[in-house]
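Below: the structure, in structure tokens.
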Ligand code: URA
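Numbering (the working numbering), first residue to last: 25 to 259.
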């Protein structure tokens, strides 16, 4: 296997970045510095070091996108004995965990990974990664109410950051809202909608930054592709 591919699979960095690391002379194969591209490694026999630290496939970072169904909790254990999201991920031996949370009754895009650094980046408020939700709410919010959500609204004594919201469709007694927030406070979308007296009946997350749920069916999961993983690493 090409050295840079092996490095990417071990979770060192993207292939492109791994090439840079090689050219910087930071990589050794069996105690010999390799600073040219195109080197092949035997993934079973060769010992590869980056900055003198051995890299191993067992340490590979994995990134999974799940379309979470209703009824699953985004934790690794539930004291009430409810089903947990990792029950849905079969055939992955790494110890993965969800990045942030969706409520048990919320559906949609949930990331799971074993990459703690990435989790911190994605969940830290300073990073301002936009999360898009589709919410079915009671009634039809008027302009003033929508403006409140856009400008920020007090929940639990603290004002929310400005958000984007628009009515995608409205019926007589309910409407479908597209809502975009970049914070991740507990039950935030529900509390925002409650605060304008339009409680959420159903909630689904459809994207996190550039990652889109797309046509992934409820209850299904897939590994992120290289482009998506590189996007996460670029954050
Ligand atoms: N906001 C909520 O209210 N619930 C979620 O699960 C996610 C965002």
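Note that beta-carbon positions come from the ideal geometry of N, C-alpha and C, so glycine has one too.
Tell me whether residue i sits in a helix, a strand or coil according to DSSP, three-state version.
| i | result |
| --- | --- |
| residue 162 | strand |
| residue 140 | helix |
| residue 89 | strand |
| residue 45 | helix |
| residue 192 | strand |
| residue 56 | strand |
| residue 116 | coil |
| residue 94 | coil |
| residue 130 | strand |
| residue 152 | coil |
| residue 146 | helix |
| residue 36 | coil |
| residue 81 | helix |
| residue 260 | The displayed coordinates of the chain run from 25 to 259. Any statement about residue 260 would go beyond what the structure contains. |
| residue 51 | strand |
| residue 135 | strand |
| residue 122 | strand |
Go to residue i, then tell me how far its beta strand (DSSP E) extends in each direction, as first and last residue.
| i | result |
| --- | --- |
| residue 231 | 224-232 |
| residue 246 | 245-247 |
| residue 198 | 198-205 |
| residue 72 | 72-74 |
Let me confirm a value: residue i is counted as buried when at least 16 other C-beta atoms fall within 10 Å, else exposed. Which label applies?
| i | result |
| --- | --- |
| residue 174 | exposed |
| residue 190 | exposed |
| residue 98 | buried |
| residue 28 | buried |
| residue 186 | exposed |
| residue 257 | buried |
| residue 31 | buried |
| residue 139 | buried |
| residue 147 | exposed |
| residue 188 | exposed |
| residue 87 | buried |
| residue 38 | buried |
| residue 242 | exposed |
| residue 96 | buried |
| residue 60 | exposed |
| residue 123 | buried |
| residue 42 | buried |
| residue 104 | exposed |
| residue 183 | exposed |
Can you find the residues in the same chain that come closer than 8 Å, C-beta to C-beta, to residue i, ignoring five residues on each side of it along the sequence?
| i | result |
| --- | --- |
| residue 76 | 52 |
| residue 261 | Shown here, the chain extends from 25 to 259; a query on residue 261 therefore has no answer. |
| residue 83 | 34 and 35 |
| residue 64 | 25, 26 and 27 |
| residue 107 | 95, 96 and 97 |
| residue 179 | 209, 212, 215, 216 and 219 |
I need the boundaries of the alpha helix (DSSP H) containing residue i, first residue and last residue.
| i | result |
| --- | --- |
| residue 168 | 167-175 |
| residue 27 | 27-33 |
| residue 254 | 250-258 |
| residue 218 | 212-219 |
Keeping to the same chain, check which residues put their C-beta closer than 6 Å to that of residue i; ignore five residues upstream and five downstream.
| i | result |
| --- | --- |
| residue 240 | 91 |
| residue 224 | 159, 161, 214 and 217 |
Going by beta carbon distance, what residues of the same chain come within less than 7 Å of residue i, once the five residues before and after it are set aside?
| i | result |
| --- | --- |
| residue 142 | 256 |
| residue 54 | 70 and 71 |
| residue 121 | 100 and 136 |
Any 3 or more C-beta pairs closer than 8 Å across the stretch 155-165 and the stretch 193-213: In this structure the stretch 155-165 touches the stretch 193-213; the number of beta carbon pairs closer than 8 Å is three or more.
Touching or not, the stretch 125-133 and the stretch 218-232, by the rule of three or more beta carbon pairs under 8 Å? The answer is yes - the stretch 218-232 touches the stretch 125-133, with three or more Cβ pairs under 8 Å.
Inter-stretch contact (C-beta, 8 Å, three-pair minimum) for the stretch 200-219 and the stretch 146-157: As far as the Cβ criterion goes, the stretch 200-219 touches the stretch 146-157, which means the pair count is three or higher.
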